[in-house]
Amino acid sequence: EDLGVRHRLWVYSGRRGVHCWVCDDAVRKWSPALRAATVEYLSLVKVGAWDTRGPLATPPALSAAVSPGRIGDSEESELHREPLQSEFPKKWDSVQRWGLLKDRMERTRVMAGKGVTPCYADWEIMLQFCFPRLDINVSKGVGHLLKSPFSVHPKTGRVSVPLDLQRLDQFDPFAVPTIRYVSVFGGSRGRADSPRHVPPCPAVSHSSLCHELDVAGDAGEQEDGGETEPKRRVRDYKKTSLAPYVRLLEQFVEEMERARRGERLRRSGEGRG
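Numbering-wise, UniProt numbering puts 151 at position 151 of the sequence shown, and it's gapless, one number per residue.
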């Protein structure tokens, strides 16, 4: 919103990252310097150790969520360090320790008007560990190799799929389509009581997504015996777990095309006027 961009497609990387494809015509023409400045503007948290340079410089949209001090360089925060360090060993796990820290910080904010300096160490910790780290080299280089939607992550076998922002809380990165091999086991080799007994071995290996396509193709052959192979194959993906993600991409492209048509009509009207 700060940058005035409209057409953003969010895509799961297939592992632990998220890609944001900004498709506005004006943004696609940005120079590497302007792209780098944009990433710097959005980089609230730097990769690496705690920043000890003082309060964070934040975009306007995030300024209300960022604390005025830091646990590492604020004198007020030092007042809480020793008591917390003495209490932490008494807690069983990190959940209880986090609850202790959060309760203590909230009490300082509740008592802020009574001579107590508020402390936001819990907010700072959440920002440090939860705010996205942006890859500046990928974002600023127009010639950088990019990972396109629906490509397969080489380490996980998961497909890079678009995200539905309206149902983001329901997204499960471990449930996306994958080409990871699934083994269908055959019979055992050797006697079970033999020291050389070998467990059941894979008779057939296939990937889950490819298996879905095979099943869809077999069903299509039975339903449309007279239809040609290319025409039938075009519809096969709709019968797999990829279908809802392809539809998200189609909806994004359709919305972008509508916006472009509206912009062309507006410009042609201004030209005639």
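Here a beta-carbon is modelled for each residue, glycine too, at the ideal position from N, C-alpha and C. For clarity, every value in this text was computed on a predicted model and none was experimentally measured.
Contact check, Ser160 vs Ser13, beta carbons under 9 Å: What you label residue 160 is simply residue 160 of the sequence shown in a count that begins at 1. What you label residue 13 is simply residue 13 of the sequence shown in a count that begins at 1. Contact flag set, yes.
Proximal residues to Glu212 (C-beta, below 6 Å), its chain only, five neighbours per side dropped: To locate residue 212, count along the sequence shown from 1; it is residue 212. These residues qualify, in order along the chain: Thr240.
Proximal residues to Arg216 (C-beta, below 7 Å), its chain only, five neighbours per side dropped: Taking the sequence shown and counting its residues from 1, the one referred to as residue 216 is at position 216. First, the residue type needs correcting, since residue 216 is Ala and not Arg in the sequence shown. If we look at Ala216 and ignore the five residues flanking it on each side, its Cβ neighbours are Asp236, Lys239, Thr240.
Nearest-angstrom Cα separation, counted from His7 out to Ala112: Residue mapping note: residue 112 aligns to position 112 of the sequence shown, counting from 1. Residue mapping note: residue 7 aligns to position 7 of the sequence shown, counting from 1. Using only the alpha carbons, I get a separation of about 42 Å.
Classification of Glu124 by the beta-carbon crowding that lies within 10 angstroms, buried from 16 upward: Numbered from 1 along the sequence shown, position 124 holds the residue referred to as residue 124. Glu124 sits buried, since 16 or more C-beta atoms from the chains shown fall within 10 Å of its C-beta.
Backbone CA spacing between Arg35 and Ser43 [nearest angstrom]: Here residue 35 refers to the residue found at position 35 of the sequence shown. Here residue 43 refers to the residue found at position 43 of the sequence shown. Whole-angstrom Cα-Cα distance: 12 Å.
Whole runs of the alpha helix (DSSP H) within the segment 133-187, excluding any shorter than 4 residues: Correct list: 136-140.
Where Tyr12 falls: helix, strand or coil (DSSP): The residue you call residue 12 lines up with position 12 of the sequence shown. Per DSSP, reduced to three states, the secondary structure at Tyr12 is strand.
Whole-angstrom distance between Phe131 and Glu78, CA atom to CA atom: As a first step, residue 78 is located in the sequence shown; it is residue number 78 there, counting from the start. As a first step, residue 131 is located in the sequence shown; it is residue number 131 there, counting from the start. Cα to Cα, the separation comes out at about 24 Å.
Local Cβ density within 10 Å of Arg158, reported as buried at 16 or more and exposed below that: The residue labelled residue 158 in the question sits at position 158 within the sequence shown. Classification for Arg158: buried.
Run of the alpha helix (DSSP H) containing Trp123, from where it starts to where it stops: Along the sequence shown, read from residue 1 onward, the residue named residue 123 stands at position 123. 121-130 is the extent of the alpha helix (DSSP H) around Trp123.
Contact under 9 Å by Cβ, Val152 with Tyr245: Here residue 152 refers to the residue found at position 152 when the sequence shown is read from its first residue. Here residue 245 refers to the residue found at position 245 when the sequence shown is read from its first residue. No, Cβ-Cβ distance for Val152 and Tyr245 is not below 9 Å.
Beta-carbon contacts of Phe88 that lie in its chain and below 8 Å, excluding the five residues immediately before and after: For the purposes of this step, residue 88 is identified with residue 88 of the sequence shown, where counting begins at 1. Here the set comprises Arg97, Leu100.
DSSP three-state assignment for Trp21, whether helix, strand or coil: The residue labelled residue 21 in the question sits at position 21 within the sequence shown. Judged by DSSP in its simplified three-state form, Trp21 adopts strand.
Backbone secondary structure at Trp92 - three-state DSSP: By 1-based counting over the sequence shown, the position of residue 92 is 92. Trp92: coil per DSSP, three-state reduction.
Residue burial classification, Ala26 (beta-carbon count within 10 angstroms, cutoff 16): Indexing the sequence shown from 1 puts residue 26 at position 26. Exposed, because fewer than 16 other Cβ atoms sit within 10 Å of the Cβ of Ala26.
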